[in-house]
Amino acid sequence: MDLLETANKFLFMLEEPFVGRHEEALVITLSLITGEHVVLIGEPGTAKSAMARRSADLLDAKFFKYLLTRFTEPSELFGPLDIASLRRGVYKRITSNKLPEAEIAFLDEIFNANSAVLNSILSIMQERILYDGYSEIKVPLWTLMGASNKIPEEPELEALYDRFLFRHNVKHVNEEYWEALLDASWEIEKEIYGNIEKIMDMESVRLLNSMLFKVDLNEIKGKLLRLFMILGEKGLYLSDRRKGKILKAIAAHALLEKRFHAIESDLVVLKYTAPKDIEDFEKIEAILMDELKTKDRIMRELEEIEANIRNFGKNLDSMQSFDPRLLEIYKNLKVSKTKVQNLVQDVEDADVRRKAEEINDMIESISQEIMIKLNM
Ligand SMILES: Nc1ncnc2c1ncn2[C@@H]1O[C@H](COP(=O)(O)OP(=O)(O)O)[C@@H](O)[C@H]1O
Ligand SMILES: [Mg+2]
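Each residue of the sequence shown is one higher than the one before, counting from 1 in this note's numbering.
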């Protein structure tokens, strides 16, 4: 299978058992393609751990999972000291199946990290090196996933929080999805997703990563800089490190949509990379909604136009050929047609294109009915 296809299948399968967890699956997939770290922040019971565990099931990679408590000791994460070596005066850990050997790691309740493990986690995340006693161990860690119910307030944990390029606020599912949630939880409890095949291996992940640098970003750079300004004006600042890394996230988003050039809607990744404080998540989402032609927004506007046109169509039947409202509707249809054209201009998304075509067909057929009634 084509690599971009594989990445999309992974995203699809990751999201599959859950209700309303598309964005969560997306940020996890983006973090894998970019080789960056991702943290999910949200109230208990919002499927954060379940999503990370499912990523482990779908990925053919060396995975390490651990639930941190305030009392977690270094040996639990990095392996126990090798006593035999110690007797010979050599300080060494037995790292097999522990974090130093993991390509992908999931640390649940990550901000429980205490001072005994924190520095080692930081250097593993940042430099991919474990400084331990007198030795430096190079580790193969590619992506670390973290989960937590809140953003840490302690200054010593800020450095840890900052290491996550991707941060996502996981919210409860909306009321209209509660019924679906019941069914989904039932299926999950039944463990119908228990025996799943691996979708993607680390070689594919690395190849996808190397494809990032083939994505043409020129078209969006101006807009990105403008967004940095707009965010800054609202007091939302990104560290220089974050600003630089965002390009990778943008390129990964384009790749997932099978494009080798970034377009404005790829800038939606700012939503997962720019927020810091909990209130930033919604603020930034609102700014992006205003500033970007994002798919959701375009679809919503198209649906509104569609509903209006449908109403015109319904009213038409009751109108006689001399009804003055006919001309009014005819004019409205023309306006709608232009609106649709402007909305979908430069948008390549297949769903958007299809919706626009459907609306255009509707406009066409209602216009013809009007012509007939008007004897034009
Ligand atoms: N959006 C959802 N869709 C389907 N099941 C869900 C959803 N949210 C929660 N669940 C169910 O609740 C369980 C508990 O979620 P869990 O991953 O432990 O939450 P968290 O780690 O966020 O506290 C999941 O295994 C799943 O069965
Ligand atoms: Mg959990």
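Every residue, glycine too, gets a C-beta built ideally from N, C-alpha and C.
Less than 7 Å separating the Cβ of Ser31 from some heavy atom of ligand 1?
no
So, under 8 Å CB-CB, Ile129 and Ile41 are touching, yes? Tell me the CB distance rounded to an integer number of Å.
Between Ile41 and Ile129 the Cβ distance is about 27 Å, and since that is not below 8 Å, they are no contact.
Pairwise C-alpha distance: Ser367 and Leu316:
10 Å
Through-space distance from Ile370 to Lys276, alpha-carbon basis:
54 Å
Looking at the secondary structure, which residues open and close the beta strand (DSSP E) in which Leu144 lies?
Thr143 to Ser148
With ligand 2 as the reference, list in chain order each residue whose Cβ lies under 6 Å from any of its heavy atoms.
Lys48, Ser49, Asp108 and Ala147
Go through its chain and collect everything with a Cβ distance to Ile363's Cβ below 7 Å, but skip five positions before and after it.
Ile309, Leu333, Ser336 and Lys337
On the DSSP bridge list, what partners appear for Asn308?
In the DSSP output, where bridge partners are listed per residue, Asn308 has none listed.
Taking 7 Å as the cut-off, is the C-beta of Leu14 nearer than that to any heavy atom in ligand 1?
no
Looking at the unbroken alpha helix (DSSP H) that takes in Ser85, where does it start and where does it end?
Ile83 to Arg87
For a test of the three-state rule: what should DSSP assign to Glu136, helix, strand or coil?
strand
Indicate the three-state DSSP secondary structure (helix, strand or coil) for Ile129 in the structure shown.
strand
Would the stretch 94-111 and the stretch 129-139 be scored as touching if the rule is three or more Cβ pairs under 8 Å?
yes
Shorter than 7 Å, the distance from the beta carbon of Pro275 to the closest heavy atom of ligand 1, or not?
no
Does DSSP put Leu236 in a helix, a strand or coil?
coil
C-beta contact flag for Leu165 and Leu227 at 8 Å
no
If you reduce the DSSP assignment to three classes, tell me which class Tyr66 lands in.
strand
C-beta contact flag for Ala52 and Phe106 at 8 Å
yes
Span separating the alpha-carbon of Glu5 from that of Leu32:
15 Å
Can you say whether Val90 is buried or exposed, counting buried as having 16 or more other CB atoms within 10 angstroms of its CB?
exposed
Measuring alpha carbon to alpha carbon, tell me which residue in Leu59, Asp240, Glu76 and Met229 is nearest Glu203.
Leu59
Once the 5 residues before and after Glu285 are set aside, which same chain residues still bring their CB inside 8 Å of it?
Lys271
Note down, one range per segment and in chain order, each alpha helix (DSSP H) of at least 4 residues found wholly within the stretch 237-316.
240-256, 270-273, 278-291 and 295-316
Hey, is Ala184 close to ligand 1, as in C-beta under 7 Å from one of its heavy atoms?
yes
Evaluate Gly146 with the Cβ neighbour count: other Cβ atoms within 10 Å of its Cβ, from every protein chain shown; 16 or more gives buried, anything less gives exposed.
buried
Based on DSSP bridge pairs, tell me the residues matched to Ile41.
Ser148 and Asn169
Taking 8 Å as the threshold (C-beta atoms), are Val19 and Leu160 in contact?
no
Cα-Cα, which of Asp290, Asn360 and Arg300 is closest to Gln341?
Asn360
Own chain partners of Ala356 with C-beta closer than 7 Å, once the 5 adjacent residues on each side are dropped:
Leu302, Val340 and Val344
Proximal residues to Arg297 (C-beta, below 8 Å), its chain only, five neighbours per side dropped
Met289
Span separating the alpha-carbon of Thr273 from that of Asp82
40 Å
At a cut-off of 7 Å, is Thr95 close to ligand 1 when judged by its beta-carbon and the heavy atoms of the ligand?
no
Other residues of its chain near Leu11: CB distance less than 6 Å, five sequence neighbours each side excluded:
Ala25 and Thr29
For Ala105: DSSP bridge partner residues:
Phe64 and Leu144
Any non-hydrogen atom of ligand 1 closer than 7 Å to Pro44 Cβ:
yes
Span of the alpha helix (DSSP H), counted from its first residue to its last, around Thr34:
His22 to Thr34
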